[in-house]
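Participant: First the structure, which I've put down as structure tokens, then a few questions once you've had a look.
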Amino acid sequence: MFFKILAVLSLLPVLAYAQETNFVYNGFRSANLSLDGIAAVTCNGLLKLTNDTKLQKGHAFHPDPVQFKNSPNGSVYSFSTAFVFTIQPLYANLSSDGIAFVIAPQRGLPGSLASQYLGMFNETDNGNSNHVFGVELDTIQNTDFKDINDNHVGIDLNGLTSANSTQAGYYADGGEFKNLTLISGKEIQVWVDYDGT
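Residue numbers (mature numbering (1 follows the signal peptide of the UniProt record, and there is no 0)): -18 to -1, 1 to 179.
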């Protein structure tokens, strides 16, 4: 990969409302996360998902399963999470592929690939009914996945062709949409809220 991703402050404070599961990470030194790939916790307590190595991925999973449904055919519980991250490109205005917040039926994403697959899927399971939900923060426009541009947020259900996507940005206090550059190297806070009702 051509950039470093550092997750800072807090990652994955998930609240699944019907189950009342809460957790907050303020630093990762003692978080007991399940890491794979090249993911590591730095001496400063930051979660570093990638490094300067090309075509590599890193995952960090909460150590215990979180139940999002009360039965196999039940509706999904409402949940909310927020996390802060930064993408540090090695070269100004040149990025690799991005980062994703993922909810999966099991810890780990076996067989997933780096680069355009964002560490979520590979060429054979992309688009299958694998029950993976993701919010991609994508920094490359990949026409195979119908990406809208090279700086967007997408909602992914079982594959990387987003069910919905929009230009990365935020709404200012007055309600005006402001563009946000994902590869700016600045800390960015993301909220993911799902209303299961």
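Ideal Cβ positions, reconstructed from N, Cα and C, are used throughout, including at glycine.
This structure is a prediction, so every number in the text was calculated from the model and none was measured.
So the beta strand (DSSP E) His41 belongs to, where does it begin and stop?
Facilitator: Taken as a continuous stretch (DSSP letters only), the beta strand (DSSP E) holding His41 covers 40 to 43.
Participant: Using the C-alpha atoms, what's the distance from Leu31 back to Pro87?
Facilitator: One C-alpha to the other measures close to 21 Å.
Participant: Between the alpha carbons of Thr148 and Asn133, how many angstroms are there, rounded?
Facilitator: If you take the alpha carbons of Thr148 and Asn133, they lie about 9 Å apart.
Participant: For Asp138, which residues in the same chain have their Cβ closer than 6 Å to its Cβ, ignoring the five residues on either side in sequence?
Facilitator: Hits under 6 Å: Gly116, Glu118, Ser144.
Participant: Give every residue of the same chain whose Cβ lies closer than 6 Å to the Cβ of Trp173, excluding the five residues on either side of it in the sequence, and list them in chain order.
Facilitator: Within the same chain, Trp173 has close Cβ partners Ala64.
Participant: Compute the Euclidean distance between the alpha carbons of Gly27 and Tyr7, then round it to the nearest angstrom.
Facilitator: Computed Cα separation, rounded: 10 Å.
Participant: So for residue 184, helix, strand or coil by DSSP?
Facilitator: Absent from the structure is residue 184, since the part of the chain shown begins at -18 and ends at 179.
Participant: Along the chain, where does the beta strand (DSSP E) containing Thr125 start, and where does it finish?
Facilitator: Careful: Thr125 lies outside any beta strand (DSSP E) and carries neither H nor E.
Participant: If we count the other Cβ atoms within 10 Å of its Cβ and call it buried at 16 or more, is Tyr59 buried or exposed?
Facilitator: Classification for Tyr59: buried.
Participant: Can you give me the Cβ contacts of Leu91 inside the same chain, cut-off strictly under 8 Å, excluding the 5 residues immediately before and after it?
Facilitator: Excluding positions up to five away in sequence, the list reads His41, Val84, Gly101, Met102, Phe103, Val114.
Participant: Determine which residues share a DSSP beta bridge with Asn161 and list them.
Facilitator: DSSP, once it has assigned bridges, lists Gly151 as partnering Asn161.
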